[in-house]
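Okay, structure first, notes after.
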Amino acid sequence: MKTCDKLYRIEKSTSSCRNDGGMILEEYLTEIIVESEDIDLLNHVNNIAYIKFFEIARFNWYRKNGIHLKELMKCGKAFVVRNLDVSYHDEARLGDRLKIKTIPYKLGNSSFTFKQYIYNEQNKLITEAKVVSVMIDLEKRKSIPVIEEIAKHFY
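Each residue of the sequence shown is one higher than the last, beginning at 10 in the numbering used here.
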């Protein structure tokens with residue numbers, strides 16, 4: 010299965026709001042079932058698979074909010090990951106249902122940051138990440154201000 014096909018490996022997606030230190034932040038939930046290709050020799054989810062899960066959840070967030078990378082690229086714009094900070098807390102195994110929370114966290118001039126959390130069925134935190142993305146001009150390969158369609162979701 011190609012990576013682009015995996016973007017649709019979701020069971021359901023929902024969004025809600027929560028209070029985080031006095032701020033109301035949009036929270037988007039993606040559910041994934043661990044498949045055999047996600048498992049490594051230690052019989053648990055490989056660390057790289059979690060990064061793939063986070064990407065799937067972010068692209069679901071983009072789609073839910075009407076942001077499509079192919080359309081941006083037609084306009085000469087894109088977003089790329091600049092920094093990915095991942096912490097692993099526990100393991101997941103074959104067949105586990107994982108919930109990935111994606112939260113727009115911080116907006117800069119040309120960058121925006123998501124916080125993401127992966128929980129198992131018992132709501133135990135498995136993995137968390139802070140992902141900084143940067144808007145770029147595809148022709149000049151330089152950063153540009155974050156487009157309004159993305160910026161309006163960050164507080």
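The beta carbon of each residue, even a glycine, is placed where N, CA and C say it ideally should be.
Applying the 10 Å Cβ sphere with the 16-neighbour rule, what's the burial state of MET10? Locating residue 10 in the sequence shown gives position 1, counting from the first residue. Annotation note: pLDDT 36 at MET10 (below 50); position unreliable, no value reported.
Run through DSSP, which three-state label would LYS79 get? In the sequence shown, residue 79 corresponds to position 70, counting from 1. Reduced to three states, the DSSP call for LYS79 is helix.
Could you tell me if TYR97 is buried or exposed, where buried requires 16 or more neighbouring beta carbons within 10 angstroms of its beta carbon? Stepping through the sequence shown from its first residue, residue 97 is reached at position 88. Per the 10 Å Cβ criterion, exposed.
Residues bridged to LYS86 by DSSP? Taking the first residue of the sequence shown as position 1, residue 86 is located at position 77. Answer is ASP146.
Check this for me: beta carbons of ILE60 and ASP99, under 8 Å apart or not? In the sequence shown, residue 60 corresponds to position 51, counting from 1. In the sequence shown, residue 99 corresponds to position 90, counting from 1. Against a cut-off of 8 Å, the Cβ pair of ASP99 and ILE60 comes out as no contact.
Since ILE109 and PHE63 are thought to touch, with beta carbons under 8 Å apart, how far apart are those beta carbons, to the nearest angstrom? In the sequence shown, counting from the first residue as 1, residue 109 sits at position 100. In the sequence shown, counting from the first residue as 1, residue 63 sits at position 54. Correct: roughly 7 Å between the Cβ atoms.
Burial state of ARG150, where buried means 16 or more other Cβ atoms lie within 10 Å: Against the sequence shown, residue 150 aligns to sequence position 141. Classification for ARG150: exposed.
Suppose you measure from the CA of LYS79 to the CA of PRO154; what does that come to, to the nearest Å? Residue mapping note: residue 79 aligns to position 70 of the sequence shown, counting from 1. Residue mapping note: residue 154 aligns to position 145 of the sequence shown, counting from 1. Distance between the alpha carbons of LYS79 and PRO154: 18 Å.
Three-way DSSP call (helix, strand, coil) for ASP49 in this model: Within the sequence shown, residue 49 is the residue found at index 40, counting from 1. Three-state DSSP puts ASP49 in coil, outside helix and strand.
What is the DSSP secondary structure of ILE159, reduced to helix, strand or coil? Stepping through the sequence shown from its first residue, residue 159 is reached at position 150. Helix, per DSSP.
List the endpoints of the continuous beta strand (DSSP E) containing ARG106. Walking along the sequence shown from the start, residue 106 turns up at place 97. That run of the beta strand (DSSP E) goes 106-116.
Classify VAL140: buried if its beta carbon has 16 or more other beta carbons within 10 angstroms, exposed otherwise. Reading the sequence shown from its first residue, position 131 is the one you call residue 140. When all chains shown are included, VAL140 counts as buried.
Whose C-beta lies closer than 7 Å to the C-beta of ALA66 among residues of the same chain, with five residues either side of it excluded? For the purposes of this step, residue 66 is taken as the residue at position 57 of the sequence shown. Here the set comprises THR39, ILE109, THR111, GLN125.
In angstroms with no decimal places, state the Cα-to-Cα distance between LEU147 and ARG102. The residue labelled residue 147 in the question sits at position 138 within the sequence shown. The residue labelled residue 102 in the question sits at position 93 within the sequence shown. Cα to Cα, LEU147 sits roughly 39 Å from ARG102.
Euclidean distance between Cα positions of GLY85 and SER152: Translated into the one-based positions of the sequence shown, residue 85 becomes position 76. Translated into the one-based positions of the sequence shown, residue 152 becomes position 143. So the alpha carbons of these two residues sit roughly 12 Å apart.
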